[in-house]
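Please read the structure below before turning to the comments.
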Amino acid sequence: MNHHPLAVVSPKAKIGKNVKISPFVTIEEDVVIGDGSQIGPNAVIMSGSRIGQNCQIFPGAIIGAAPQDLKFKGEYSTLEVGDNTIIREYCTLNRGTAANEKTVVGSNCLLMAYVHIAHDCIVGNHCVLANNSTLAGHVELEDYVILGGMSAVHQFTRIGAHAMLGGGVLLNKDVPPFIRVAHYPASYIGVNVIGLKRRGFSVETIEAIQDIYHQLFVAKQGRADALANIDALDHSKEKEQILQFIEDSEIGIVKGLRSNA
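Mapping the sequence shown onto full-length UniProt numbering, position 104 (from 1) lands on 104, and the numbers just tick up by one.
Given below as structure tokens:
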């Protein structure tokens with residue numbers, strides 16, 4: 001551990017090998033930091049935080065603060081961050097509450113400056129949250145989700161894998177996998193083709209996903225007819241993933257842009 005003498009580190013914290021701790025850092029007791037991680041100046045790592053290996057936490061970030069929830073009564077909870085995740089300046093990540101007992105951020109994520117992740121959120125692996133994006137409590141992001149800057153996600157909302165939100169989006173509905181969402185109200189604007197190509201999806205798979213969402217958001221038909229037509233399309237794991245996400249949605253999914261006219 002490379003522990004600067006001007007840092008305050010509880011002797012009860014568990015610090016891994018080759019961890020760099022900068023001046024004016026505060027690390028409370030009941031903190032675990034994995035090997036090779038770096039903690040920038042003035043960062044605060046509070047009790048209940050679990051930081052993975054090779055993470056980078058930039059100046060001023062506050063990790064593991066108590067939930068901003070009036071129902072919180074001081075119960076024990078944690079904030080867990082996976083390996084290789086970058087947390088930029090002044091991000092705020094809160095612990096969980098009795099409802100979920102933990103807030104989780106996965107591995108290989110990038111949280112840009114001033115990102116806020118509230119209590120009981122679950123953020124998957126390889127997610128990118130741009131500057132000032134905000135998650136209210138109990139939000140779930142699946143793997144490879146991208147949030148544009150200044151976006152705000154309402155509590156209990158879910159965003160499916162490989163989905164992308166445009167900058168400034170105010171989201172209060174679920175976002176199925178593989179799509180792009182923008183405008184106000186938040187609306188489907190197409191499949192995340194560029195992102196899927198970058199992650200190795202074949203042209204045929206992307207076209208099949210586009211066919212599914214054409215039925216759901218573009219074709220002029222009711223939701224029941226759209227789902228029936230989707231069910232009749234060729235079987236694929238992506239189709240099952242989309243249908244399962246829609247079936248599991250408790251607050252409803254975003255609508256197509258045409259419905260905003």
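Each residue gets a CB set at the ideal place from its N, CA and C atoms; glycine is no exception.
Checklist line | Stretch-stretch touch, CB-based, cutoff 8 Å, three pairs: the segment 75 to 82 with the segment 139 to 154 | finding: Segments in contact, no.
Note to self: Please state the DSSP three-state secondary structure of Thr97.
What the structure shows: In this structure, DSSP gives Thr97 a state outside helix and strand, which the three-state scheme calls coil.
Next item on the list: Inspect the CB distances between the segment 193 to 205 and the segment 218 to 233 and report whether three or more fall short of 8 Å.
Entry: By the Cβ rule, the segment 193 to 205 does not count as touching the segment 218 to 233, because fewer than three pairs are nearer than 8 Å.
Item checked: Euclidean distance between Cα positions of Asn125 and Val81 -> The alpha-carbon atoms of Asn125 and Val81 are separated by roughly 10 Å.
Next item on the list: Assign Glu142 to one of two classes, buried (16 or more other C-beta atoms within 10 Å of its C-beta) or exposed (fewer than that).
Entry: Buried.
Margin query: Quick check on the burial criterion: 16 or more other C-beta atoms within 10 angstroms. Buried or exposed for Ile87?
Written below: Burial check for Ile87: the Cβ neighbour count within 10 Å reaches 16 or more, so the residue is buried.
Check: Since Ala228 is in the alpha helix (DSSP H), which residue starts that stretch and which ends it?
Finding: From DSSP, the alpha helix (DSSP H) with Ala228 extends over Arg223 to Asp231.
Notebook entry, point to check: Nearest to Ala182 by alpha carbon, out of Lys102, Ser151, Asn100 and Lys14?
Noted result: Measuring from the Cα of Ala182, the nearest candidate turns out to be Ser151.
Notebook entry, point to check: Is the Cβ-Cβ distance between Arg180 and Gly190 less than 9 Å?
Noted result: Result yes, Cβ atoms of Arg180 and Gly190 sit closer than 9 Å.
Check: Taking Ala61 as the reference, which of Asn94, Asn172 and Phe72 has the closest Cα?
Finding: It is Asn94 whose Cα lies nearest to the Cα of Ala61.
Check: Mind checking whether Glu89 and Pro67 have CB atoms under 9 Å apart?
Finding: Here Glu89 is not near Pro67, since their CB atoms are 9 Å or more apart.
Margin query: Please tell me whether Val44 and Ala65 are closer than 9 Å, where the distance is taken between their beta carbons.
Written below: Yes; because the gap between Cβ atoms is below 9 Å, this pair is in contact.
Notebook entry, point to check: Less than 9 Å separating the beta-carbons of Ile242 and Val175?
Noted result: Result no, Cβ atoms of Ile242 and Val175 do not sit closer than 9 Å.
Next item on the list: Would you mind sorting Val70 into buried or exposed? The rule is 16 or more other CB atoms within 10 Å of its CB.
Entry: Contrary to the premise, residue 70 reads as Leu rather than Val in this sequence. With fewer than 16 other Cβ atoms within 10 Å, it is exposed.
Next item on the list: Compute the Euclidean distance between the alpha carbons of Val153 and Glu140, then round it to the nearest angstrom.
Entry: So the two alpha carbons sit approximately 10 Å from each other.
Notebook entry, point to check: Just curious, the beta strand (DSSP E) that Lys12 is in, first and last residue?
Noted result: DSSP places Lys12 outside any beta strand (DSSP E), giving it a letter other than H or E.
Item checked: Residue from Ile194, Gly166, Val105 and Lys173 with nearest C-alpha to Ile51 -> Ranking Ile194, Gly166, Val105 and Lys173 by CA distance to the CA of Ile51 puts Val105 first.
Checklist line | Per-residue DSSP class, three states only, for Asp211 | finding: It is helical.
Checklist line | Contacts around Gly256, its chain only, beta-carbon distance under 8 Å, and the 5 residues preceding and following it disregarded | finding: The beta carbon of Gly256 sits closer than 8 Å to the beta carbons of Ser187, Tyr188, Leu216, Phe217 and Val218 from its chain, once the five residues preceding and following it are set aside; these are given in chain order.
Next item on the list: Could you tell me which residues DSSP pairs with Met164 in its beta bridges?
Entry: Met164 has Ile146 and Arg180 as its beta-bridge partners, per DSSP.
Checklist line | Alpha-carbon to alpha-carbon, Ser22 and His3 | finding: Their Cα atoms are separated by approximately 7 Å.
Next item on the list: Return helix, strand or coil for Asp248, following the three-state DSSP convention.
Entry: In this structure, Asp248 counts as helix in the three-state DSSP scheme.
Check: Ends of the beta strand (DSSP E) at Gly190?
Finding: It spans Ser187 to Val191 - the beta strand (DSSP E) in which Gly190 sits, taken as one unbroken run.
Item checked: Endpoints, the beta strand (DSSP E) within which Gly64 is located -> Start and end: Ile62 to Ala65.
Notebook entry, point to check: Just reading off the beta strand (DSSP E) that Glu80 is part of, what are its end residues?
Noted result: That run of the beta strand (DSSP E) goes Thr78 to Val81.
Next item on the list: Establish whether the CB of His162 and some CB of chain B are separated by less than 9 Å.
Entry: Included in the structure is just one protein chain, with no chain B present.
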